[in-house]
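Peer 1: For the protein sequence lines, the chains are A and B, in the order given. So for the first sequence, the working numbering puts the first residue at 1; every next one is plus one. So for the second sequence, the working numbering puts the first residue at 1001; every next one is plus one. Note that beta-carbon positions come from the ideal geometry of N, C-alpha and C, so glycine has one too. Predicted model only: the values in this text are computed from it and were never measured.
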Amino acid sequence: MAHGALTLDHEPVTGIPHGKLGMWIFLATEIMFFSGFFATLIVMNHANPGLFEETAQKLSWQLALLNTVVLISSSLTMALSILNLERKDTKKFQLFLGLTLLGAFIFLVVKYIEYSGKFALDITPETNVFYACYFLMTGFHGLHVVGGIVPMVWMLGKSFTEAGYTNVGRVEVLGLYWHFVDLVWIFLFPIFYLLYNPTLIIF
Amino acid sequence: MEAVVTSPVEEHGHGHEHDHEHHESFIRKYIFSTDHKTIAKQFLGSALFFLFVGGAMALILRWQLAYPGEALPLIGSMLSDRFVSDGVVQPGFFMQMTTMHASVMIFLVIIPLAVGFFGNLCIPLMIGTDDMAFPTLNMFSFWLVPPAAFFLMIGFFHESGAAAAGWTHYPPLSVIGGFGHYMWTIGVFFVGFSSILGAVNYIATVLNKRAPGMKMFDMPLTVWALFITAILAALGTPVLAADLAILFFDQFFHSSFFIPEGWVVADYPNNGGGQPILFQHLFWFYSHPAVYIMLLPVMGVASDVLATFSRKPVYGYKAMVFAIMAIAFLGFIVWGHHMFQSGMNPLLGTTFMLSTIVIAVPSAIKTFNWLGTLWRGSITFSVPMLHALAFVATFVVGGLSGIFMAAAPADVFIHDTYFIVAHIHYVLFGGSLFGIFAGIQYWYPKLFGRRQNETWGQIHFWLTFIFFNLTFFPMHLLGIGGHMRRISDPNVYDFLKPFAGMNEFITICAIILGFAQLILVVNMLMSFKLGKKASRNPWRANSLEWAAPSPPVGHGNFDKPLRSYRGPYEFSLPGKKRDYLPQWKKPAKSESAEESAKQAAGGNGQAAGGGGH
Ligand code: HEM
Ligand SMILES: [Cu+2]
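1) Which of helix, strand or coil does DSSP assign to B:Lys-1318?
2) Less than 8 Å between CB atoms is the rule here; does B:Lys-1533 satisfy it with respect to chain A?
3) For B:Val-1298, does the three-state DSSP call read helix, strand or coil?
4) Would the C-beta of B:His-1423 count as close to ligand 2, meaning under 7 Å from any of its heavy atoms?
5) Can you determine whether any heavy atom of ligand 3 sits closer than 7 Å to the C-beta of B:Val-1291, and answer yes or no?
6) Where A:Gly-117 and B:Ala-1364 are concerned, what is the direct C-alpha to C-alpha distance, given to the nearest angstrom?
7) Under a CB-based cut-off of 8 Å, is A:Met-44 close to chain B?
8) What does A:Ile-120 reach in chain B if we use C-beta pairs closer than 8 Å?
9) From this set, B:Gly-1336, B:Ala-1242 and B:Val-1175, which residue's C-alpha is nearest B:Val-1265's C-alpha?
10) Closest Cβ-Cβ distance between A:Val-129 and chain B: below 8 Å?
11) Using a Cβ-Cβ cut-off of 8 Å, state whether B:Ile-1246 counts as contacting chain A.
12) Which whole-angstrom value is the C-beta distance of B:Ala-1148 and B:Phe-1190, which I expect to be below 8 Å?
13) Is B:His-1288 near ligand 2, with its Cβ less than 7 Å from a heavy atom?
14) Please report how far the alpha carbon of B:Ala-1302 lies from the alpha carbon of B:Met-1294, in whole angstroms.
15) With 16 other CB atoms within 10 Å as the buried threshold, where does B:Tyr-1493 fall?
16) Looking at the unbroken alpha helix (DSSP H) that takes in B:Tyr-1418, where does it start and where does it end?
17) For the stretch 91 to 100 of chain A and the stretch 123 to 137 of chain A, state whether three or more C-beta atom pairs, one from each stretch, are separated by less than 8 Å.
18) Apply the 10 Å Cβ neighbour rule to A:Pro-49 and answer buried if 16 or more other Cβ atoms are within range, or exposed otherwise.
19) In angstroms with no decimal places, state the Cα-to-Cα distance between A:Phe-192 and A:Leu-41.
20) Tell me which same chain residues have a C-beta within less than 6 Å of the C-beta of B:Asp-1243, skipping the five on either side of it?
21) Considering just the uninterrupted stretch of the alpha helix (DSSP H) at B:Gly-1236, what are its terminal residues?
22) If I'm right that B:Ile-1333 touches B:Ser-1310 with Cβ under 8 Å, what's the distance once you round it to whole angstroms?
23) Would you be able to state if there are at least three C-beta pairs under 8 Å between the stretch 1512 to 1527 of chain B and the stretch 1446 to 1466 of chain B?
24) Bridge partners for A:Lys-58 per DSSP, in chain order?
25) Can you round the beta-carbon distance between B:His-1423 and B:Gly-1439 to whole angstroms, since I take them to be within the 8 Å contact cut?
26) Is it the case that the stretch 1363 to 1383 of chain B contacts the stretch 1453 to 1472 of chain B, given that we only count it when at least three CB pairs across the two stretches are under 8 Å?
27) I think B:Gly-1479 touches B:Thr-1417, with their Cβ atoms under 8 Å apart; what is that distance to the nearest whole Å?
28) Where B:Asp-953 and B:Asp-1559 are concerned, what is the direct C-alpha to C-alpha distance, given to the nearest angstrom?
29) Can you tell which of B:Gly-1300, B:Pro-1276, B:Ala-1233 and B:Ile-1259 has the C-alpha that lies nearest to the C-alpha of B:Ala-1286?
30) Which residue wins for smallest C-alpha separation from B:Ile-1327, given the options B:Pro-1212, B:Gly-1399 and B:Gln-1441?
31) Is the beta carbon of B:Val-1427 within less than 7 Å of some heavy atom of ligand 1?
32) Cβ atoms of B:Thr-1367 and B:Lys-1312: under 8 Å apart, would you say?
33) Going by DSSP, name the residue or residues bridged to B:Pro-1260.
34) Going by C-alpha to C-alpha distance, which of A:Phe-37, A:Gly-175 and A:Val-13 sits closest to A:Ile-149?
35) Can you tell me the Cβ-Cβ gap for B:Val-1109 and B:Leu-1051, rounded? I've got them flagged as a contact below 8 Å.
36) Quick check on B:Asp-1035 - is its C-beta less than 8 Å from some C-beta in chain A?
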């Protein structure tokens, strides 16, 4: 290199590529972030005995179940898109990444329907602490979904250019993130929609 | 370029992109630079600027405490009527000043210096690599600071003023406090985001980018400390972010998470069921570890400086590393000591009291090891060394006052008095800032390629050290006398009248202390051009950064291939001509056999005095 500087880059000492290692660490910070919310939820439940059971039924578990299916499927298509990029099968990579993106959009649209349904019933974060927790946690989860959409659009867009998209490592890192977003929802779904809903007797 | 092994997810992407960077525009090179050295300078510059902003706020506070009811000199007539009347500080403005002084100092000065500046300056150079694992992310983590500052300060330009609920920003006041408080929440969120990105970067860099041959236990203590600090920041800061997000909901969407049941003020629609103390738990879950985020890096810096200028290995290197880990771990289970008075089950209070007192053990290990490092060393009282010594001395005072407050029964009396203010400043100014000054002085020649003027450095040190103690030591006495913190006029309380003279004395010392800091900045700025050119290794130290030219080469740092052969503290080896053996020096044949035998036996290549625990 110019200026007489040496390139000192070498194989990552841990054997894990920087991006993947960084994403794992970042996910650790994300776990702490959502832990703060879950702790709040627990405290609110204890401070307001009976409130959650009384008020939770107004949430639509049907819509949430649909979203759960959508999000889990998008995790699967995400994994398949990585697999196909590894195999250099561009067409299928685009197909599966596109499906993942579609899943993310469907999730947000369903979320939008859900939220506007709540607003129509005059349910807002002001209603009570249960709904405050609900909007807080599903809201920040939704922001994380948006955060996944941005790089997906970028990668997909780039894969249609002449140069194409070949960086398997990056898609893999995005996949890690996407599975995490999925995982958070796997916690949110039963907690908000099933656990406190007395009409669902199995819980 | 061929030699580069690009990992699939390398920030710079494909090798050829690298080449274009030589035609960097001015903007890429100096403003949106991804070079860790430039980013370090940016953190340094912005933090020193805010040091003066925060310092000016402190002097406004001090003026009012010493001369309540008297017009502020010089600036009194320039400030808006919202803050002063006839130049006299109004109580509301006083509260904005206490809040903003602390917020600026903690979020825009000490954290950026201890973590942003040292992390960027030291980690890549000391582990012998060309840059961070994620240079672009690194750039972002700096560029989140200006918007943070903007949001913190913008309240001053609004009619309701800046945040005034204290840097701890407890609800319900912070929820109904108005515009400045809303913006404060957003500003600190930005700082937190910057910390998180930085932490991810530092951890990945230390784990993945160490020079060939460098084992974890060959790293200088500065790098160890920054590494553990990054882990603290990675696990703690997100909880603050969550706390602020919830506060944000209360402020903007009236969710009353943190509003006590049945509390009616203004037109806030309180829907009941809130828990104000929950805010404090989440806040201190971050903010106690945060005090160690501000302290651990400079503990590392001080260890390196003390070893270099006593020409001795750090006493008990491994014990030092484990003590850092112990402090970090314990730091997460003591937060309740800030809340003895907030309403806590006494049994829980006792638990927090015990865990807090236990922190004194690793802290004492570190202190005794510093003394052990100094013991019978051949000490040079250079400017960095003086600052490092001052760090050790004042940290001991601050640690001891901490033990007082950790005892719940004693804290019931001392809490929210000037005793706390004295403690804070002994650990944050005396501890963190002296350690930071030590580091700035120590690495200035490496970063800027010039030496600073020694005489002015000495003058700055002595003025700072003397007037620091004169300013803050008497605050212990004020606190014991019952002088509350965050009151704008002590003279309205009869029992505080006898302290008026002491308050005046403190203020005079504080003004001198503040102006003495100009010497530091002027000396730094003048030395850019006028300083003597620095050699590669002006302090004859051992760690890898001193193998690089001063200043290090453009984007890439080192001009020779680099390997680490041993630990960083090989000073005064018996039977050697030179009193130091740098990490990058190839061992002679006979030595290398010895070395590998030693390593096989599990030692870390320490010289006499190492690992002595
Ligand atoms: C042996 C070590 C330490 C102990 C036992 C200790 C203990 C305490 C305790 C019990 C309090 C709460 C007092 C009260 O509000 O009533 C406190 C406050 C504080 N400590 Fe420490 N501390 C120690 C070290 C440090 C260090 C190293 C720092 C920073 C570098 C620090 C920064 C602070 C700050 C900023 C506060 C005040 C927070 C506020 O505004 O209320 N402490 N400390
Ligand atoms: Cu604490």
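Peer 2: Looking at the atomic coordinates:
1) As a working note, residue 1318 of chain B is residue 318 in the second sequence. Taken through DSSP and simplified to helix, strand or coil, B:Lys-1318 comes out as helix.
2) As a first step, residue 1533 of chain B must be located in the second sequence, where it is residue number 533. Chain A contact via Cβ: absent.
3) Position 298 of the second sequence, counted from the start, is the residue given in the question as residue 1298 of chain B. Correct three-state label for B:Val-1298: helix.
4) Residue mapping note: residue 1423 of chain B aligns to position 423 of the second sequence, counting from 1. It does not: the Cβ of B:His-1423 is nowhere closer than 7 Å to a heavy atom of ligand 2.
5) No copy of ligand 3 occurs in the structure displayed; its ligands are ligand 1 and ligand 2 alone.
6) Locating residue 117 of chain A in the first sequence gives position 117, where the first residue counts as 1. Locating residue 1364 of chain B in the second sequence gives position 364, where the first residue counts as 1. Between A:Gly-117 and B:Ala-1364, the C-alpha separation is close to 60 Å.
7) Residue 44 of chain A sits at position 44 when you count from the first residue of the first sequence. Nearest CB-CB separation between A:Met-44 and chain B: below the 8 Å threshold.
8) Residue 120 of chain A sits at position 120 when you count from the first residue of the first sequence. The question names Ile, but residue 120 of chain A is Ala in the sequence shown. Residues of chain B with a Cβ closer than 8 Å to the Cβ of A:Ala-120 do not exist, since the nearest Cβ in that chain sits about 17 Å away.
9) Here residue 1265 of chain B corresponds to residue number 265 of the second sequence, with the count starting at 1. The residue with the shortest Cα to Cα distance from B:Val-1265 is B:Val-1175.
10) In the first sequence, the residue the question calls residue 129 of chain A occupies position 129. Cβ-Cβ to chain B under 8 Å: yes for A:Val-129.
11) Locating residue 1246 of chain B in the second sequence gives position 246, where the first residue counts as 1. So yes, B:Ile-1246 belongs to the interface.
12) Here residue 1148 of chain B is taken as the residue at index 148 of the second sequence, counted from 1. Here residue 1190 of chain B is taken as the residue at index 190 of the second sequence, counted from 1. Confirmed, about 4 Å.
13) Your numbering for residue 1288 of chain B matches position 288 in the second sequence. Correct: B:His-1288 has its Cβ closer than 7 Å to ligand 2.
14) One-based indexing of the second sequence puts residue 1302 of chain B at position 302. One-based indexing of the second sequence puts residue 1294 of chain B at position 294. One C-alpha to the other measures close to 13 Å.
15) Residue mapping note: residue 1493 of chain B aligns to position 493 of the second sequence, counting from 1. Under this definition B:Tyr-1493 is an exposed residue.
16) Here residue 1418 of chain B refers to the residue found at position 418 of the second sequence. Its alpha helix (DSSP H) spans residues 1418 to 1425.
17) Not touching, per the Cβ criterion.
18) If you number the first sequence from 1, residue 49 of chain A lands on position 49. Exposed is the call here.
19) Along the first sequence, one-based indexing puts residue 192 of chain A at 192. Along the first sequence, one-based indexing puts residue 41 of chain A at 41. So the two alpha carbons sit approximately 10 Å from each other.
20) Looking up residue 1243 of chain B in the second sequence gives position 243. Scanning its chain for C-beta atoms nearer than 6 Å, with the 5 sequence neighbours on each side dropped, one finds around B:Asp-1243 the residues Leu-1282 and Phe-1283, in chain order.
21) On the second sequence, residue 1236 of chain B is found 236 positions in, with the first residue counted as 1. 1221 to 1253 is the extent of the alpha helix (DSSP H) around B:Gly-1236.
22) The sequence position of residue 1333 of chain B within the second sequence is 333, counting from 1. The sequence position of residue 1310 of chain B within the second sequence is 310, counting from 1. For a cut-off of 8 Å, the C-beta gap from B:Ile-1333 to B:Ser-1310 is around 35 Å, too long to register as a contact.
23) Result yes; three or more Cβ-Cβ pairs closer than 8 Å.
24) Working through the first sequence from its first residue, we reach residue 58 of chain A at position 58. Secondary-structure assignment with DSSP links A:Lys-58 through no beta bridge to anything.
25) Your numbering for residue 1423 of chain B matches position 423 in the second sequence. Your numbering for residue 1439 of chain B matches position 439 in the second sequence. The C-beta separation of B:His-1423 from B:Gly-1439 comes to about 23 Å, leaving the pair out of contact by the 8 Å criterion.
26) Yes, the stretch 1453 to 1472 of chain B touches the stretch 1363 to 1383 of chain B.
27) One-based indexing of the second sequence puts residue 1479 of chain B at position 479. One-based indexing of the second sequence puts residue 1417 of chain B at position 417. Right, the Cβ-Cβ distance comes to about 4 Å (below 8 Å), so this counts as a contact.
28) Outside the displayed span of chain B (1001 to 1613) sits residue 953 of chain B, for which this structure offers no information.
29) Taking the first residue of the second sequence as 1, we reach residue 1286 of chain B at position 286. The amino acid at residue 1286 of chain B is misidentified as Ala; the sequence shows Tyr. When each option's Cα is compared against that of B:Tyr-1286, the closest is B:Ala-1233.
30) The residue you call residue 1327 of chain B lines up with position 327 of the second sequence. Comparing Cα positions, the closest option is B:Gly-1399.
31) The sequence position of residue 1427 of chain B within the second sequence is 427, counting from 1. Correct: B:Val-1427 has its Cβ closer than 7 Å to ligand 1.
32) Position 312 of the second sequence, counted from the first residue, corresponds to residue 1312 of chain B. Position 367 of the second sequence, counted from the first residue, corresponds to residue 1367 of chain B. Not in contact: B:Lys-1312 and B:Thr-1367 (Cβ atoms no closer than 8 Å).
33) Against the second sequence, residue 1260 of chain B aligns to sequence position 260. Note: B:Pro-1260 sits in a beta bridge opposite B:Gly-1274.
34) Working through the first sequence from its first residue, we reach residue 149 of chain A at position 149. For A:Ile-149, the nearest C-alpha among the options comes from A:Gly-175.
35) Counted from its first residue, the second sequence places residue 1109 of chain B at position 109. Counted from its first residue, the second sequence places residue 1051 of chain B at position 51. 5 Å between Cβ atoms; contact.
36) Mapped onto the second sequence, residue 1035 of chain B falls at position 35. Answer no: the Cβ-Cβ gap between B:Asp-1035 and chain A never drops below 8 Å.
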